[in-house]
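Chains as they are written, first to last, in UniProt numbering: chain A, 1 to 211; chain B, 1 to 211.
All residues carry an ideal CB built from backbone N, CA and C; glycine is no exception.
These notes concern the structure reproduced below.
There are 2 protein chains.
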Amino acid sequence: MTAEAKPRGSASTPLTERQEARRRRILHASAQLAARGGFDAVQMREVAESSGVALGTLYRYFPSKIHLLVATMQDQLQGMHLTLRKRPPAGAGAAERVAETLMRAFRALQREPHLADAMVRALTFADRSVSPEVDTVSRQTTAIILDAMGLDRPTPEQLSAVRVIEHTWHSALITWLSGRASIAQVKIDIETVCRLIDLTASAAPRQPPER
Amino acid sequence: MTAEAKPRGSASTPLTERQEARRRRILHASAQLAARGGFDAVQMREVAESSGVALGTLYRYFPSKIHLLVATMQDQLQGMHLTLRKRPPAGAGAAERVAETLMRAFRALQREPHLADAMVRALTFADRSVSPEVDTVSRQTTAIILDAMGLDRPTPEQLSAVRVIEHTWHSALITWLSGRASIAQVKIDIETVCRLIDLTASAAPRQPPER
DNA sequence: CGCTAATCTAGAACAAGTTTCAGCCTCGTC
DNA sequence: GACGAGGCTGAAACTTGTTCTAGATTAGCG
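Now the structure itself:
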């Protein structure tokens, strides 16, 4: 019942330097193990040992394996967002640009399919106790897509389209990771769903369809 | 290395009557436990005891908890498909009919949210070893949607749209189950993605756009 | 520097999914 | 009706996520 200050979340306690370093080591170990063997290879004891931290400490930083992997995803997504921003997509329409961006992200994931597996499986398996963290990931993804669309003040309709695109993105990734869809198929699905953007664009009077 | 004939899958061994009964008892116990407490409440020992079967036998019928829950979903989906067929959707366009059908299915799931949780979580968490079973579920879902569209010979484009709808359906369910989206939001997402159907309809020369 | 509370460590312990095994039972066959 | 193969049972064992505890360390503070 004491007002404990766990090193969780965002602004609970500022985290000392050593704590920040520990957290970073843990995330690094997690990503490394995940890259090697996917979700199953990320074993809490191994993560602890591999990052030079006691099991109890690992659990203090990340209250479950799912929390850990979702945090790993936040970490990776952040890097990806920065990378993507460096070379913005070149397509003419918003739909093309979003599709191009997502395909670029997809190719990045293909380079580490096991890591992708671990992160995506954790994300979709997460229950209510991880909602805040999953929500953060979702917001990051939304930001990436809106970036690609070149919007900063989207209409509700456009937000709906973006949500649907995210749904498709996650689910398509899963079907690919579990070997039920080919890379080509994922590409098609992404391109298909991105057409929704044009649909809402015509309804949104922001960018007049001067053609 | 012996050519064992496990009571798995479709056509391995015809399954005797008692075996069929066992299988049914197991699925029933699974659904019941799931309906009570969701994914976590489906504990293999409990399923075994509750269906009057030894743990080893349970594992002979369903090689993992995920297999069991995916099979449970197949079972439930089949029932749902029959129910839905009885009263076909009444909307004018294919998009409306699909949206209506999915919303009807969604309301059915809302009646047993814990069961929905267990099934959907299992479905998205399934790895490659469950691919055939997950694929069956996917085909069942596709059949339901095509039914609602009133198609029996869809174009590749329409199949893409259906796949995207399925993606959205699964992912939207997950966000709802984990409390990150409201029922209203799921409705909007479904309606949004269903607009894709109209998009492909105009491109498909089957139903001439006689206005 | 010395104190106190919080944090960290090592390790045991627990929970639930999964595997294994010895022995009994059932089914199809002769 | 006896036989043999495979299926079923009961129980123990193993794995990995998670929790708990006692003692050592560390951080912040007077």
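Residue-chain proximity (residue i, chain B), Cβ-Cβ < 8 angstroms
i              : result
V134(A)        : yes
R121(A)        : yes
R36(A)         : no
V164(A)        : yes
A161(A)        : yes
L115(A)        : no
Q19(A)         : no
S64(A)         : no
S131(A)        : yes
residue 240(A) : This structure cannot speak to residue 240(A), because chain A is shown only from 1 to 211.
Rounded distance between the beta-carbons of residue j and residue i, thought under 8 angstroms
i              : j       : result
A161(A)        : T200(A) : 5 angstroms
D152(B)        : R85(B)  : The pair is not a contact, with the Cβ atoms about 14 angstroms apart (cut-off 8 angstroms).
L69(A)         : S30(A)  : 7 angstroms
F39(A)         : D117(A) : 6 angstroms
A71(A)         : F62(A)  : 6 angstroms
V164(B)        : D189(A) : 6 angstroms
F125(A)        : T124(B) : 7 angstroms
R180(B)        : V134(A) : 7 angstroms
D75(B)         : L15(B)  : Wrong, their Cβ atoms sit about 15 angstroms apart, outside the cutoff.
V53(B)         : R22(B)  : 6 angstroms
residue 263(A) : A94(A)  : No answer is possible for residue 263(A): it lies beyond the span of chain A, which begins at 1 and ends at 211.
residue 218(B) : Q140(B) : Residue 218(B) lies beyond the residue range present for chain B, which begins at 1 and ends at 211; the question has no answer from this structure.
H167(A)        : T168(B) : 4 angstroms
Min CB distance residue i to chain A below 8 angstroms
i       : result
F125(B) : yes
I174(B) : yes
L199(B) : yes
I188(B) : yes
R139(B) : no
S182(B) : no
G93(B)  : no
T192(B) : yes
S178(B) : yes
L196(B) : yes
S171(B) : yes
R107(B) : no
H167(B) : yes
Contacting residues, own chain, Cβ-Cβ under 7 angstroms from residue i (five flanking each side not counted)
i       : result
G44(A)  : Looking at the sequence shown, residue 44(A) is not Gly but Met. L55, L58 and K65, listed in sequence order.
E46(B)  : L33
R121(A) : F39
R36(B)  : H114
A3(B)   : At A3(B) the pLDDT is 37, less than 50, meaning the model places this residue with poor confidence and gives no usable figure here.
K187(A) : M103
M80(A)  : A105 and A108
Nonlocal neighbours in the same chain, by C-beta distance under 6 angstroms from residue i, ignoring five residues either side
i              : result
residue 213(B) : Residue 213(B) lies beyond the stretch modelled for chain B, which goes from 1 to 211, so this question has no answer here.
L173(B)        : V120
S51(B)         : R25, I26 and A29
Sequence-distant residues of the same chain with beta carbon closer than 8 angstroms to residue i, five excluded per side
i       : result
R104(A) : L84 and P89
L177(B) : P113, A116, D117, V120 and R121
Enumerated in chain order, which unbroken segments of the alpha helix (DSSP H) with a length of 4 residues or greater are wholly contained in the stretch 68-115 of chain B? If one requires a minimum length of 4 residues, the alpha helix (DSSP H) runs lying completely within the stretch 68-115 of chain B are 94-111, in chain order.
Can you check the stretch 149-210 of chain A for any alpha helix (DSSP H) of at least 4 residues that lies completely inside it and give the ranges in chain order? Fully contained in the stretch 149-210 of chain A are the following alpha helix (DSSP H) runs of length 4 or more, in chain order: 156-177 and 183-203.
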